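Per our numbering, the sequence shown starts with residue 4, numbered consecutively.
Note that beta-carbon positions come from the ideal geometry of N, C-alpha and C, so glycine has one too.
These numbers come from a predicted model, not from an experiment.
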Amino acid sequence: HRFLHVAHTLDVQSVPHASILSVEVIQRDDALVLVITTRSYKAITFSSRSATNRDWSWCRSEWQWRVDEDRFYARPVAVVEEAVVDEADEDTELLSRLGLNDLDDRALRRNRLKRFIEPREARAPSTIGADVDLSAEFARQGVATDSRWRFTDANANYELCATYPPLLIVPAALSDARLKEGSRWRSKRRVPTLTWYDRATGAALIRASQPKSGLSGAHVDDAALLHVRAAAARSRGAVAARLDDPCGFDDEDGFANCSPYKSTTAPILRICDCRSIVAANANKLVGKGHETTAKLGGSRAATLEFLDLENFHVIRNAKKRLSEASSLEDYYRALHESRWPVYVQSLISAAKVVADHLDRGDPCFVHCSDGWDRTPQVCALAQLIVDPYYRTLRGFAVLIEKDFCAFGHPFSMRSGSKGEGESGPVFEQFLECVQSLRRGAPSSFEFTESLLALLKDAVYSRFFGNFLRDSDAERCGDDAVSLWRVVESDVGRFSSPVY
């Protein structure tokens with residue numbers, strides 16, 4: 004795991020990552036050349052006339068992130084100096100000294116690599132977002148001081164929902180007993196819970212999974228949604244103050260918070276189903292389905308919108324068609340046939356719908372099928388639009404840790420480690436949307452494209468603990484490396500100069 008094994012002149016060279024200075028791809032005549040430069044300024048080149056630029060670029064990005072990641076390990080200076088070697092027998096000796104000579108046992112290797120990581124007790128508190136404290140984030144939002152909402156430890160032992168975090172925020176009038184009863188009527192027991200709150204208007208962003216309403220429409224979880232609407236009833240004084248100073252909550256450039264939809268009328272619960280109406284009705288055949296606004300007080304109390312987002316199977320096929328392009332001409336054809344840009348645009352448009360509801364002060368309830376693919380995508384992008392804090396380095400880390408990691412996006416499953424059938428570029432599509440927003444308003448984002456590229460590589464490298472598991476419950480006891488430790492060690496690399 005620490006060495007780059009490459010074939011060169013019929014021999015295999017073991018190049019320690021710690022000894023690599025840079026990796027680059029250059030065009031030379033009619034061949035592509037991969038150049039590895041060691042810290043002793045020795046250049047190792049590999050040329051190919053058959054490999055495409057995409058092949059070499061993949062190799063470069065895969066090796067470069069390992070090189071960058073290795074720089075953050077506190078290794079003894081003597082070991083790093085001795086890593087710059089040319090002879091194979093010296094490499095073998097170094098492997099033995101590092102305790103990595105039995106490279107076949109991944110678990111044993113990971114345990115032995117812990118010696119190069121600072122002990123957990125000795126680490127300084129993270130300033131970027133590692134091990135995000137959800138209670139501190141909700142306190143920042145202001146929901147901790149709102150008596151209409153409360154913290155609950157009903158999921159402290161992951162008994163309520165195995166894919167939810169142990170700390171949840173629910174309406175104060177909703178008891179734990181009623182919450183547990185309602186979980187029976189939600190797919191994967193993912194009950195409605197708050198993920199974002201606007202202290203100015205009281206608008207709340209709620210997320211969950213689809214209800215088990217079935218063909219009969221008998222949905223007994225309506226009480227939770229009624230409590231959500233009651234808890235989100237805003238203060239007319241707060242809205243009036245916001246109307247008097249509409250830019251008081253904007254960032255420097257007024258990225259997307261100055262909305263013409265300000266209103267002082269009673270809030271309406273906006274239910275946003277990420278699926279199409281056809282897909283939602285099809286789920287009724289298997290005992291699931293969607294909400295019925297008639298049971299929530301009619302159109303004056305609640306509305307139901309379908310955001311028409313495709314599931315991860317469709318997104319996977321689109322990305323696969325795009326990756327099969329072998330030339331620039333074929334790439335443009337694949338881009339059109341795969342409809343990848345259309346799916347990215349649809350996701351941004353769906354997030355804008357939710358952001359508009361929140362900005363006018365209405366509580367918004369978002370869900371898809373299981374509430375862990377399209378739901379975090381839409382919720383995270385909507386928060387990125389309405390809350391400038393999430394456009395900072397630390398805020399973006401908190402956003403990902405909260406809405407993807409803590410609320411159980413299945414990183415392991417979607418990255419393909421559990422089979423091709425359950426894989427899908429869900430998080431990659433989210434990053435693509437973030438990059439589109441960043442291009443439109445670069446001065447509103449503190450981070451750069453380099454951070455998004457690092458996140459994309461981190462998901463598929465399966466090295467960082469943030470994206471190694473499918474839920475908080477599975478991460479308990481893990482001592483894997485946190486991606487945010489890497490980011491905070493080189494903040495300048497990921498910070499935008501125009502922010």
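Alpha carbon to alpha carbon, how far is residue i from residue j?
i      : j      : result
Arg319 : Ala206 : 34 Å
Ala175 : Trp199 : 16 Å
Val401 : Val381 : 16 Å
Asp32  : Thr48  : 14 Å
Ile297 : Ile274 : Residue 297 is actually Ala in this sequence, not Ile. Rounded to the nearest angstrom, the two C-alpha atoms are 13 Å apart.
Ala211 : Thr295 : 16 Å
Ser474 : Gly495 : 31 Å
Asp147 : Val484 : First, the amino acid is wrong: residue 147 is Ala here, not Asp. Their Cα atoms are separated by approximately 31 Å.
Pro391 : Pro445 : 13 Å
His412 : Ile29  : 38 Å
Ala461 : Asp179 : 37 Å
Ala227 : Lys183 : 11 Å
Glu431 : Glu313 : 15 Å
Tyr393 : Ser330 : 37 Å
Phe309 : Ala139 : 33 Å
Trp188 : Ile388 : 32 Å
Val356 : Thr306 : 13 Å
Ser150 : Val194 : 20 Å
Leu325 : Glu340 : 8 Å
Pro344 : Arg181 : 43 Å
Phe410 : Gly300 : 29 Å
Ser426 : Met416 : 6 Å
Gln438 : Leu163 : 36 Å
Phe407 : Ala328 : 30 Å
Leu440 : Leu350 : 12 Å
Ala285 : Phe466 : 38 Å
Gln213 : Asn158 : 19 Å
Phe315 : Ser190 : 17 Å
Ala142 : Arg342 : 41 Å
Ser186 : Val369 : 16 Å
Once the 5 residues before and after residue i are set aside, which same chain residues still bring their CB inside 6 Å of it?
i      : result
Glu435 : Val347
Tyr463 : Ser418
Asp311 : Ser279
Asp276 : Ala283, His293 and Phe309
Arg377 : Cys277, Leu312 and Cys371
Ala354 : Val381, Leu384 and Ala385
Leu218 : Lys287
Leu486 : Ala461, Phe467 and Asn469
Under a Cβ-count criterion, where at least 16 other Cβ atoms within 10 Å of its own Cβ denotes burial, should residue i be classed as buried or exposed?
i      : result
Arg118 : With a pLDDT of 40 at Arg118, under the threshold of 50, the predicted position of this residue should be treated as unreliable, and no value is reported.
Gly290 : exposed
Pro379 : buried
Leu384 : buried
Arg472 : buried
Gly424 : exposed
Lys421 : exposed
Leu288 : exposed
Pro500 : exposed
Ala86  : Note on Ala86: pLDDT 38, under 50, position unreliable in the model; the coordinate value appears next. The residue is buried, with at least 16 neighbouring Cβ atoms inside 10 Å.
Ala321 : buried
Asp482 : exposed
Asn469 : buried
Arg303 : exposed
Arg136 : The sequence given here has Asp at residue 136, not Arg. The residue is exposed, with fewer than 16 neighbouring Cβ atoms inside 10 Å.
Ser352 : exposed
Arg192 : buried
Cys479 : exposed
Ignore the nearest five residues each way along the sequence and tell me which others in residue i's own chain have a CB closer than 7 Å to its CB.
i      : result
His360 : Arg273 and Cys367
Val38  : Glu27, Ile29, Ala46 and Thr48
Thr40  : Leu24, Ser25 and Ala46
Ser51  : Ala34 and Leu35
Arg202 : Gln144 and Gly145
Phe399 : Tyr393 and Phe450
Asp225 : Lys298 and Leu299
Ala235 : Gly205, Ala206, Ala207, Pro270 and Pro366
Ala476 : Tyr161 and Ala165
Among residues of its own chain, excluding the 5 on either side of residue i, which ones have a beta-carbon nearer than 8 Å to its beta-carbon?
i      : result
Arg153 : Ile172, Val173, Pro174 and Ala175
Val317 : Tyr346
Phe497 : Leu396, Phe450, Thr451, Ser453, Leu454, Leu457 and Val490
Thr196 : Tyr167, Leu171, Ile172, Val173, Ile209, Arg210 and Ala211
- Message: Does the stretch 434-453 come into contact with the stretch 489-499, if we say contact requires no fewer than three beta-carbon pairs (one atom in each stretch) closer than 8 Å?
- Response: Cβ pair count under 8 Å is three or more, so yes.
- Message: Closer than 8 Å is the cut-off here; do at least three beta carbon pairs connect the stretch 156-176 with the stretch 225-236?
- Response: Three or more pairs of CB atoms, one per stretch, sit closer than 8 Å, so the stretch 156-176 contacts the stretch 225-236.
- Message: Taking 8 Å as the cut-off, does the stretch 326-346 touch the stretch 403-419 (at least 3 CB pairs, one atom from each stretch)?
- Response: No, they do not touch.
- Task: Write down every uninterrupted run of the alpha helix (DSSP H) in the stretch 311-399 whose length is 4 residues or greater and which is fully enclosed by it, in chain order.
- Result: 315-326, 331-341, 343-362 and 377-389
- Message: To test your reading of the DSSP string, which unbroken alpha helix (DSSP H) runs of 4 or more residues are found completely within the stretch 151-217?
- Response: Correct list: 179-186.
- Task: Entirely within the stretch 436-494 and at least 4 residues each: give me those alpha helix (DSSP H) ranges in chain order.
- Result: 452-464, 475-478 and 486-492
- Item | 3-residue-minimum beta strand (DSSP E) runs that sit fully inside the stretch 22-54, ordered along the chain | 23-31, 34-41 and 46-51
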